[in-house]
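Here the working numbering is used: the first residue of the sequence shown is 1, the next is one more, and so on.
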Amino acid sequence: MPSPPLNERSSTTDAIVLRARPLGEADRVYVLLTRSRGKVDAVAKGVRRPRSSMGGRLEPLAEVHVALHRGRSLDVITEVRTVLSHWTGLARPDALATASLFAETIDLFCEPELPLPEIYALLAGAIAAVAASDAPAALVPRFQLRLLHALGLAPAGDACVRCGEGFYQHGAWLDLEAGGLGCERCYGARGDAHALDAEDVGNFRALGAERGAGAALRATPQVARAVDDIVTWHLGKRPKARALVYEFS
Ligand SMILES: [Zn+2]
Numbered sequence: 001m002p003s004p005p006l007n008e009r010s011s012t013t014d015a016i017v018l019r020a021r022p023l024g025e026a027d028r029v030y031v032l033l034t035r036s037r038g039k040v041d042a043v044a045k046g047v048r049r050p051r052s053s054m055g056g057r058l059e060p061l062a063e064v065h066v067a068l069h070r071g072r073s074l075d076v077i078t079e080v081r082t083v084l085s086h087w088t089g090l091a092r093p094d095a096l097a098t099a100s101l102f103a104e105t106i107d108l109f110c111e112p113e114l115p116l117p118e119i120y121a122l123l124a125g126a127i128a129a130v131a132a133s134d135a136p137a138a139l140v141p142r143f144q145l146r147l148l149h150a151l152g153l154a155p156a157g158d159a160c161v162r163c164g165e166g167f168y169q170h171g172a173w174l175d176l177e178a179g180g181l182g183c184e185r186c187y188g189a190r191g192d193a194h195a196l197d198a199e200d201v202g203n204f205r206a207l208g209a210e211r212g213a214g215a216a217l218r219a220t221p222q223v224a225r226a227v228d229d230i231v232t233w234h235l236g237k238r239p240k241a242r243a244l245v246y247e248f249s
């Protein structure tokens, strides 16, 4: 027998807990990245009472399956089931700081109620990778660049943003205002600021590539700095968790 249709105000979805804040006496508002609706603010009622079983499942960075009911202003979480908890892997300060940076960066970039399945998959994969990594902070640049690609904000790795020519063996210069990398002819006179050598340019391309396809997992120092500068430029600020990542790594 087919299951009865859900009330149109109720739905279920997978979600990753980005952050939480207390509300009133006993409730908490969770910012969830859901698979089906993108970012959603949802309240869990009574979750701060000792007997609530929901609170433990809604730990930050856990992947959960939730039932949501649309309220007047906020969604209400009516059911939670744990899909994946990385509690053990994220118990280390450097791993927790890195995964928190990923969640905060996505929170800052993503508008509410805009489904972004590629970004959901990116975050789920990145948190799992951090939980399993001995050097989690080294995963930051690839996450940032893959996120920029998913958002359509990543600079082209093979053509000058001004003239469209390739970079060949000359390296490239990062032009944040123009949103891309520039060639030696257009930017060489600027000096060394934001310069990437030929190896860096190759690393930049590989770092942004999809898994397989010659993808690089680690960034050169110059590429790590360039990618971080691009993220900061788009956000207009540095995510708070970023300072913790570099403190613990
Ligand atoms: Zn050029």
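Heads up, the beta-carbon is just placed ideally off N, CA and C, and yes, glycines get one too.
All values derive from a computational prediction rather than experimental measurement.
Rounded straight-line distance, which links the Cα of residue j to that of residue i
i, j, result
"F204", "R218", "10 Å"
"R37", "V201", "36 Å"
"R238", "A91", "24 Å"
"S85", "P50", "21 Å"
"A126", "S52", "30 Å"
"T13", "A213", "31 Å"
"V231", "R9", "36 Å"
"D134", "F248", "12 Å"
"P221", "L114", "34 Å"
"R211", "L23", "41 Å"
"A215", "A132", "19 Å"
"E165", "L244", "39 Å"
"C186", "W233", "21 Å"
"R190", "Y30", "46 Å"
"F167", "A128", "35 Å"
"L139", "L74", "34 Å"
"E118", "C160", "27 Å"
Unbroken beta strand (DSSP E) run spanning residue i, endpoints
i, result
"R185", "From DSSP, R185 is part of no beta strand (DSSP E) but of the alpha helix (DSSP H) over E184 to Y187."
"A20", "S10 to L23"
"L174", "A172 to D175"
"V140", "That residue, V140, is in no beta strand (DSSP E); its alpha helix (DSSP H) goes V140 to A150."
"L256", "The chain is shown only over 1 to 249; residue 256 falls outside these bounds and no answer can be derived."
"Y30", "D27 to T34"
"D41", "G38 to A44"
Sub-8 Å separation of residue i and residue j beta-carbons
i, j, result
"V130", "A99", "yes"
"H69", "T82", "no"
"V17", "V76", "no"
"R162", "G182", "yes"
"F143", "F102", "yes"
"K39", "E111", "yes"
"A226", "L196", "yes"
"A124", "Q169", "no"
"A224", "A97", "no"
"P60", "R21", "no"
"D229", "L176", "yes"
"L122", "L207", "no"
"P141", "A95", "no"
"R35", "A15", "yes"
Span of the alpha helix (DSSP H), counted from its first residue to its last, around residue i
i, result
"E247", "A241 to F248"
"R57", "M54 to R57"
"L122", "P117 to A132"
"L96", "P93 to F109"
For residue i, three-class secondary structure by DSSP
i, result
"W233", "helix"
"H86", "coil"
"A195", "strand"
"T220", "coil"
"P4", "Reliability of the predicted coordinates at P4 is poor, the pLDDT of 46 falling under 50, and no value is obtained from them."
"R238", "coil"
"A209", "coil"
"R225", "helix"
"G180", "strand"
"R190", "helix"
"G202", "helix"
"A135", "coil"
Nearest-angstrom Cβ-Cβ length linking residue i and residue j, presumed shorter than 8 Å
i, j, result
"A55", "D27", "Per the sequence shown, residue 55 should be read as Gly rather than Ala. The Cβ separation is near 10 Å, so there is no contact."
"I106", "L147", "7 Å"
"A319", "L33", "Residue 319 lies beyond the residue range present for the chain, which begins at 1 and ends at 249; the question has no answer from this structure."
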